[in-house]
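Engineer: Below is one structure. I have some questions about it.
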């Protein structure tokens, strides 16, 4: 962990957000309370910007792309469609069956139907990449159980 000078924030350093303790951290993800988190030096060619952060992903459901224990960069807010993107999701009334945690990283897929003049989700599927794991499927009223927090950008490395 580092204590960066202001000019290095979002240039060579990002906040590290420990997801197990982050329940209230994502009220407005683009404006994380930066003083609440440690900062980590990031070595990547990918341009950094406010709204990005580092979090550790635990579990095997997104292997081989995201190995168990990998430190990853995420970007918030998720811009444009979520369809087909790998996203960090906060579940309100459910937990990831693999980890038992309220946060999960999965590929987002949704089916929508037109109701009156708006589109409504019929089904949201949070799909693992590893075929040994089952998707999390939310239908109807269950869709309010989740909040897409950020989009997966890249894997930095694994815990040693």
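Residue numbers (the working numbering): 9 to 168. Where is the CB? At the ideal position from N, CA and C, for every residue including glycine.
1) Taking just the CA atoms, how far does residue 122 sit from residue 139?
2) Within a Cβ cutoff of 6 angstroms, which residues of the same chain sit near residue 130, ignoring the five residues on either side of it in sequence?
3) Taking 8 angstroms as the CB-CB limit, is residue 87 close to chain C?
4) How about residue 94 and residue 66: are their beta carbons less than 8 angstroms apart?
5) Measure the alpha-carbon distance for residue 22 versus residue 79 and round it to whole angstroms.
6) For residue 12, I'd like the list of residues in its chain whose CB is within less than 6 angstroms of its CB, leaving aside the five on either flank, ordered along the chain.
7) What number of angstroms, rounded off, separates the C-alpha of residue 160 from the C-alpha of residue 15?
8) Output the boundary residues of the beta strand (DSSP E) element that contains residue 163.
9) Report the three-state DSSP secondary structure of residue 15 (helix, strand or coil).
10) Which of the three DSSP states is assigned to residue 27 in this structure?
11) Starting from the C-beta of residue 64, find all residues in its chain whose C-beta is less than 6 angstroms away, skip the five residues before and the five after it, and write them out in chain order.
12) Counting only the same chain and skipping the five closest in sequence on each side, list residues whose C-beta sits under 6 angstroms from that of residue 115.
13) Buried or exposed for residue 106, going by 16 or more other Cβ atoms inside 10 Å?
14) Beta carbon of residue 137, beta carbon of residue 86: below 8 angstroms?
15) If I follow the unbroken beta strand (DSSP E) through residue 60, where does it start and stop?
16) How would you call residue 19, buried or exposed, if buried means at least 16 neighbouring beta carbons within 10 angstroms?
17) Got a sec? Which residues, its chain only, sit under 6 angstroms from residue 166 by beta carbon, not counting five neighbours each side?
Structural biologist: Reading off the structure:
1) 32 angstroms
2) 119 and 121
3) Checking the listed chains, one finds no chain C in this structure; it contains a single protein chain.
4) no
5) 12 angstroms
6) 21 and 47
7) 25 angstroms
8) 154–166
9) helix
10) helix
11) 79
12) 94 and 135
13) buried
14) no
15) 60–65
16) exposed
17) 75, 77 and 78
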